[in-house]
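S.K.: Protein chains in written order, with our numbering: chain Y, 7 to 123; chain H, -8 to 214.
Here a beta-carbon is modelled for each residue, glycine too, at the ideal position from N, C-alpha and C.
Let me give you the structure first, and then I'll get to my questions.
Here it is in structure tokens:
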């Protein structure tokens, strides 16, 4: 049986409206990140593609967090659902973005232990 | 098989006499008859979430059997359940049994769990069909789920307009609290329908997550 310490990646891929990528990322880090850290999420990457701020086109932002193991994932999710400011944040940034997607990933080497439940 | 499940919450002021009256009514309404094929009445575990004090579950051969029961024994039962001095809340769902699965071994005793959910934010039928499919798939991937069924609700009452019933049977309750919660198919895949942070979110966050012991499967085909 696993010790539930696998690294789980929480990936937010966001396409802000043209020219708004830096403003969006600043808003995300100011209004979303502090509460995310409080519920156990560790920020590991803030990727910008292409690697420069575009003025008249959209950048793609990939913001990657981690938690360690499925119980920590549920703790993160449980506290997010109980905090109306989290859902409120995502609603509030809709005017700034074209699209977004959240997904959850793990290293292939961890798949066997993650499924060993 | 057409199914009816009620999650019944007693009025704490009802006392022992009130509790006995409610239990008698629940038992009378589930007696084998021309319409009732099989049934279960069991107290819920203490750590259910919006799960009531009892899971009362009755099965009929078809919807016509349910309608006949509803017009007769169902009326008598509802008279008791609608007495606020006895019962404070009833979550109710009537549904045609949906896609069903079982693993080898024929589990017939253990822990039964049902989830009442409302996909009231679903964008379209295509999304609901994918949710139905992925929910069924949980039973294939998660080893402790022995019998399982996902169904769409035809008639609902209670706290939400319930749209789906997701039933599972386990050898014991640890199969629900452990593997079911920890398997990546749950948190890493299907939970996105329930998570307001995900763009596929469409399930109301108010759920009835409830479980009890069972002796005689309520999911596998009746032998």
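Could you say which of H:115, H:88, H:168, H:42 lies nearest to residue 209 of chain H if we only look at CA atoms?
M.R.: Measuring from the Cα of residue 209 of chain H, the nearest candidate turns out to be H:88.
S.K.: Taking the alpha carbon of residue 16 of chain Y as the reference point, which residue from Y:32, Y:24, Y:50, Y:30 has its own alpha carbon closest?
M.R.: Nearest C-alpha to residue 16 of chain Y: Y:50.
S.K.: Can you tell me whether DSSP reads residue 109 of chain Y as helix, strand or coil?
M.R.: Strand.
S.K.: How would you write the range of the beta strand (DSSP E) that residue 37 of chain Y sits in, first residue to last?
M.R.: It is not in any beta strand (DSSP E) - residue 37 of chain Y instead sits in the alpha helix (DSSP H) that spans 27 to 37.
S.K.: Find out if the Cβ-Cβ distance for the pair residue 202 of chain H, residue 0 of chain H is shorter than 8 Å.
M.R.: Not closer than 8 Å, so no.
S.K.: Using three-state DSSP, classify residue 15 of chain Y as helix, strand or coil.
M.R.: Reduced to three states, the DSSP call for residue 15 of chain Y is strand.
S.K.: Could one say the Cβ of residue 71 of chain Y lies closer than 8 Å to chain H's Cβ atoms, at least one of them?
M.R.: False, the Cβ-Cβ gap to chain H never drops below 8 Å.
S.K.: Indicate the three-state DSSP secondary structure (helix, strand or coil) for residue 137 of chain H in the structure shown.
M.R.: Looking at residue 137 of chain H - three-state DSSP - the assignment turns out to be coil, as it is neither helix nor strand.
S.K.: Could you pull out every residue in the same chain whose Cβ sits closer than 6 Å to the Cβ of residue 26 of chain H, ignoring the five residues on either side in sequence?
M.R.: Hits under 6 Å: 51, 56, 59, 60.
S.K.: Let me check understanding here. Comparing Cα to Cα, which of H:108, H:166, H:48 lies closest to residue 23 of chain H?
M.R.: The candidate whose alpha carbon is nearest that of residue 23 of chain H is H:48.
S.K.: Quick one: does residue 114 of chain H have its CB under 8 Å from some CB of chain Y?
M.R.: No, residue 114 of chain H lies away from the interface with chain Y (no Cβ there is under 8 Å from its Cβ).
S.K.: From this set, Y:67, Y:120, Y:112, Y:46, which residue's C-alpha is nearest residue 52 of chain Y's C-alpha?
M.R.: Checking every option, the nearest Cα to that of residue 52 of chain Y belongs to Y:67.
S.K.: Ignore the nearest five residues each way along the sequence and tell me which others in residue 192 of chain H's own chain have a CB closer than 6 Å to its CB.
M.R.: Excluding sequence neighbours, residue 192 of chain H sits near 186.
S.K.: In the DSSP assignment, the beta strand (DSSP E) including residue 174 of chain H goes from what residue to what residue?
M.R.: Careful: residue 174 of chain H lies outside any beta strand (DSSP E) and carries neither H nor E.
S.K.: Anyone know if the C-beta pair for residue 162 of chain H and residue 77 of chain H falls short of 8 Å?
M.R.: No, these two residues do not count as a Cβ contact at 8 Å.
S.K.: Between which two residues does the beta strand (DSSP E) harbouring residue 58 of chain H extend?
M.R.: Where residue 58 of chain H is concerned, there is no enclosing beta strand (DSSP E), although the alpha helix (DSSP H) it sits in stretches over 54 to 62.
S.K.: Helix, strand or coil for residue 101 of chain H per DSSP?
M.R.: The answer is strand: DSSP assigns residue 101 of chain H an E or B state.
S.K.: Counting only C-beta atoms, is residue 37 of chain Y closer than 8 Å to chain H at any point?
M.R.: So no, residue 37 of chain Y is outside the interface.
S.K.: Below 8 Å, how does it come out for the stretch 176 to 190 of chain H and the stretch 135 to 150 of chain H: are there three or more Cβ pairs, yes or no?
M.R.: Too few Cβ pairs lie closer than 8 Å, so no.
S.K.: Between the Cα of residue 22 of chain Y and those of Y:14, Y:45, Y:54, Y:65, spot the shortest distance and give me the residue it belongs to.
M.R.: The shortest C-alpha separation from residue 22 of chain Y is found at Y:65.
S.K.: With 8 Å set as the bound, which would you pick, yes or no: does the beta-carbon of residue 31 of chain Y sit closer than that to a beta-carbon of chain H?
M.R.: Not closer than 8 Å to any Cβ of chain H, the Cβ of residue 31 of chain Y fails to qualify, so no.
S.K.: Between residue 89 of chain Y and residue 82 of chain Y, what straight-line distance do the alpha-carbon atoms span, to the nearest angstrom?
M.R.: Answer to the nearest angstrom: the Cα atoms are 11 Å apart.
S.K.: Check whether the Cβ atoms of residue 200 of chain H and residue 65 of chain H sit closer than 8 Å, and answer yes or no.
M.R.: Contact: no.
S.K.: Would you mind telling me which residues of chain Y sit closer than 9 Å to residue 179 of chain H, beta carbon to beta carbon, in chain order?
M.R.: In chain order: 14, 76, 79, 109, 110, 111, 112, 120.
S.K.: Can you give me the C-alpha to C-alpha distance between residue 57 of chain Y and residue 28 of chain Y, rounded to a whole angstrom?
M.R.: So the alpha carbons of these two residues sit roughly 12 Å apart.
S.K.: Where residue 104 of chain Y and residue 9 of chain H are concerned, what is the direct C-alpha to C-alpha distance, given to the nearest angstrom?
M.R.: Distance between the alpha carbons of residue 104 of chain Y and residue 9 of chain H is about 58 Å.
S.K.: Specify whether the stretch 36 to 45 of chain Y and the stretch 91 to 98 of chain Y touch according to this definition: at least 3 beta carbon pairs, one from each stretch, less than 8 Å apart.
M.R.: Yes: at least three Cβ pairs fall under 8 Å.
S.K.: Does DSSP put residue -6 of chain H in a helix, a strand or coil?
M.R.: Note: residue -6 of chain H maps to strand in three-state DSSP.
S.K.: Kindly say whether residue 56 of chain H, judged by its beta-carbon, lies nearer than 8 Å to any beta-carbon of chain Y.
M.R.: Taking Cβ atoms only, chain Y never reaches closer than 8 Å to residue 56 of chain H, which makes this a no.
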